[in-house]
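J.: Below you'll find the structure I mean.
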Amino acid sequence: MPLLLQSGDHPEPDPHGPDSGGRARRRDRLLPLAPRNARVIARSTDDIPRNRAILVAALGGEGGGVLADWIATAIRRAGLLCQTTSIPGVAQRTGATTYYLEYCEIPIDELGDRRVVFALTPVPGDVDVMVASELVEAARAVQNGYVTADRTTLIASSHRVYATSEKIAMEDGRFDPARALKAAHDLSHRAVIFDMERAAEEAGTVINAVLLGALAGSRALPIDPAHFEAAIEAGGKGVAASKRGFMLGLAAARGEAIGAAAAPAEPLRPGTGAAPLAGFPVETRFVIGHGHARACDYQDAAYGETYLERVRDLLALDRALNGATRGWRLTIEGARNLALRMTYEDVIRVADLKTRAERFATVRAETRAQADQLLHVTEYLKPGLEEVCAVLPPRLGDRLLAWARRRGIEHRLHVGLHVRSDTVSGFLLMRLLARMRRLRRGSWRFAQESALTARWYEAVLAAARIDYDFGVAVADAATLVKGYSGTYRRGLRNFDLLFDEVVKPAIAAGRSAAPEVAEARRAAVADPDSDALDAVIARHRAERDTARLPHAMPA
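Residue numbers (UniProt numbering): 1 to 555.
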């Protein structure tokens, strides 16, 4: 609760003084407490109007400090006292910088000789307005108690910027956005949530301007929207774009439709063509169509046809097993994982993706570089021995790897490269690697991946003939092999272990092992050290060995 104290020793601060329009790190000076003999004007708590609290959570590069400045400037222009503080977050999206604002609801010209004491940090349960630039940041505020159903207006964007913990998960580690949205709506007094990132892109600005507009349109603050616009103009940088974003946020908070036109479908790259999907069930066409386009884009049209031939065989078995009653799960999961297996990431693929025109257009758009500005793009690469062997003929690749393994240097041979893909030499180097796609079929990595894919695919068919769910579980096991370098090696080791110890014995015995495969796959992605998988496999071995022992004969 703020303290309104009478003191004749301290002059009234100038709300429009030199500190009123500074950057985020410049704060209103905390007004000193009155001397001990000061007389409290208010005779009861009802006479003491409390301060209003605003908490802003923004990620790096989203202009959170500027947003806090705009809000503070608008409040001061409305004739109210305001103070801002901030707590910096940490890098790599493991947190957000928070900005805390307090303002006194009594206009300055009505304060008289009373003084206001502001808090430096927010208190859970005592925040009037919560502004979050991303959905999980809003959910984090709810979890920490800063959003309450009896008091807090929540202004947040519904888009996602994935946290490091989500990205490093061995499986799909994303938080459930539906749960976050439900919590935001259920546990706040009022929630204004929409895709502000998309609105910012439409306006050609940063998300902070849209957040400001949404705050103004929510009427959570007793501030005329004109004061917020004036605050943007006072900033003097990117005023036109910021005002466009502000108006979009203002309209959305008022309930007006602002949705940008639906994004056009991504055009097919030359040579990919549309997949002939007429013979496939409607439920499967989305996955199969994307898988075919991915295979064609990865290699060529013939490679895409190879993909379709395998999917047709999978569908034929699915039909024989009455897959329509099961939602064609075998075909859908098999087609999805087959596309991923056939389009593994190698240095050729990486070089191709990094030198496409649309990639440079995306980089320029995300950095908001102007047409007359030069943009330097540096590619950070760290190829190891396996990446080099990937483009060599199979025999040469095997010999080189065997030589390195004998000397124990297989995983120590790597080099860090910084390639400027915006320069002629750097671009030509990357394009030369990309052009090696024509030689991919004769490479060491292609032979390795083709053998692995064939092994997995045949196991899917064999398992499905025994039990439908067994086939689907084996199809899902392909997700263990992904990534690069150490991640790829660990995934391959887990995949081989699962197949050798669970899948192959079950197929050989003609029994379903769907629960065991699902359990082993979950264990494999539970920890990067594979301790959980090793424990599961050890238990299965013990159970199998026990089953093989002859039953004891009665005495």
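Every residue gets a Cβ at the ideal spot worked out from N, C-alpha and C, and that includes glycine.
With DSSP as the reference, identify every bridge partner of Tyr100, one or two as the case may be.
T.: Leu55, Thr85
J.: Which two residues bound the contiguous alpha helix (DSSP H) that contains Glu256?
T.: Neither: Glu256 is in no alpha helix (DSSP H) and is coded neither H nor E.
J.: Can you tell me which of the three DSSP states Tyr344 falls into?
T.: coil
J.: In terms of residue numbering, what span does the beta strand (DSSP E) encompassing Thr378 cover?
T.: Note, Thr378: beta strand (DSSP E), 378-381.
J.: If we ignore side chains and look at the alpha-carbon of each, how far apart do Asp128 and Thr362 end up?
T.: 38 angstroms
J.: Bridge partners of Gly384, per DSSP?
T.: Answer by DSSP bridge pairing, in chain order: His414.
J.: Kindly list the residues whose CB is nearer than 8 angstroms to the CB of Gly426, restricted to its own chain and excluding five residues on each side of it in sequence; keep chain order.
T.: Glu379, Val419, Arg420
J.: Give the straight-line distance between the Cα atoms of His411 and Tyr484, rounded to the nearest whole angstrom.
T.: Cα-Cα distance, rounded: 12 angstroms.
J.: Is Ile223 helix, strand or coil by DSSP?
T.: coil
J.: For Val123, tell me which candidate among Ala339, Gly112, Thr73, Arg52 has the shortest Cα-Cα distance.
T.: Arg52
J.: Going by alpha carbons, who is nearest to Ala462 out of Leu497, Leu374, Gly334?
T.: Gly334
J.: If you follow the alpha helix (DSSP H) that Thr306 is in, where does it begin and where does it stop?
T.: In the DSSP assignment, Thr306 falls within the unbroken alpha helix (DSSP H) covering 301-320.
J.: Decide if Thr85 is buried, meaning its Cβ has at least 16 other Cβ atoms within 10 Å, or exposed.
T.: With 16 or more other Cβ atoms within 10 Å, it is buried.
J.: Do Ser157 and Glu197 count as a contact pair if the criterion is CB distance below 7 angstroms?
T.: yes
J.: Residues in the same chain with beta-carbon distance under 7 angstroms from Lys243, minus the five sequence neighbours each way, listed in chain order, please.
T.: Glu229, Ile232
J.: Confirm, please, whether the CB-CB distance from Val502 to Val517 is below 7 angstroms.
T.: It is a contact, given that the beta carbons lie within the stated cut-off.
J.: Do you know whose CA, among Thr148, Glu110, Glu358, lies nearest Asp126's CA?
T.: Asp126 has its Cα closest to that of Thr148, out of Thr148, Glu110, Glu358.
J.: Output yes or no for whether 7 angstroms exceeds the beta carbon distance between Ala390 and Arg445.
T.: yes
J.: Could you have a look at Ala78 and say whether DSSP puts it in helix, strand or coil?
T.: coil
J.: Reducing DSSP to helix, strand and coil, say where Leu268 ends up.
T.: For Leu268, the predicted structure reports a pLDDT of 47, less than 50, and the residue's modelled location is therefore unreliable. A value from the coordinates is still provided. Correct three-state label for Leu268: coil.
J.: Using only alpha-carbon positions, find the residue among Ala220, Thr205, Ala226 that is nearest to Glu237.
T.: According to the sequence shown, residue 237 is Lys rather than Glu. When each option's Cα is compared against that of Lys237, the closest is Thr205.
J.: Per DSSP, what kind of secondary structure is Val131 in: helix, strand or coil?
T.: strand
J.: Can the beta-carbon of Ser512 be found less than 7 angstroms from the beta-carbon of Asp467?
T.: yes
J.: Determine the direct distance from the alpha carbon of Gln448 to that of Gly442, and round the result to whole angstroms.
T.: 11 angstroms
J.: Can you tell which of Ala524, Val311, Gly60, Phe118 has the C-alpha that lies nearest to the C-alpha of Gly291?
T.: Val311
J.: So what's Ile193 in DSSP terms, helix, strand or just coil?
T.: Here Ile193 sits in strand by DSSP.
J.: I need the straight-line Cα distance from Arg219 to Gly213, nearest angstrom please.
T.: 10 angstroms
J.: Can you tell me whether DSSP reads Arg214 as helix, strand or coil?
T.: Rather than Arg, the amino acid found at residue 214 in this sequence is Ala. Correct three-state label for Ala214: helix.
J.: Using only the alpha-carbon positions, how far apart do Leu433 and Ala301 sit?
T.: 20 angstroms
J.: Can you round the beta-carbon distance between Tyr99 and Gly61 to whole angstroms, since I take them to be within the 8 angstroms contact cut?
T.: Not quite, the Cβ-Cβ distance comes to about 15 angstroms (not below 8 angstroms), so this is no contact.
J.: Mind reading off the beta-carbon distance from Leu59 to Ser133? Whole number of angstroms is fine, and I expect it under 8 angstroms.
T.: Going by Cβ atoms, the distance from Leu59 to Ser133 rounds to 6 angstroms, so yes, they are a contact pair.
J.: Given a cut-off of 7 angstroms on the beta-carbon distance, is the pair Ile106 and Gly79 in contact?
T.: Judged by their CB atoms, Ile106 and Gly79 are not nearer to each other than the 7 angstroms cut-off.
J.: Between Thr546, Arg544, Asp529, which has its C-alpha nearest Met170's C-alpha?
T.: Asp529
J.: For the ligand ZN, is there any heavy atom lying closer than 6 angstroms to the beta carbon of Met196?
T.: With respect to the ligand ZN, the structure offers nothing, as it holds no ligand at all.
J.: When the Cα atoms are used, what is the spatial distance from Arg285 to Leu308?
T.: 11 angstroms
J.: CA-CA distance, Leu154 and Val142?
T.: 9 angstroms
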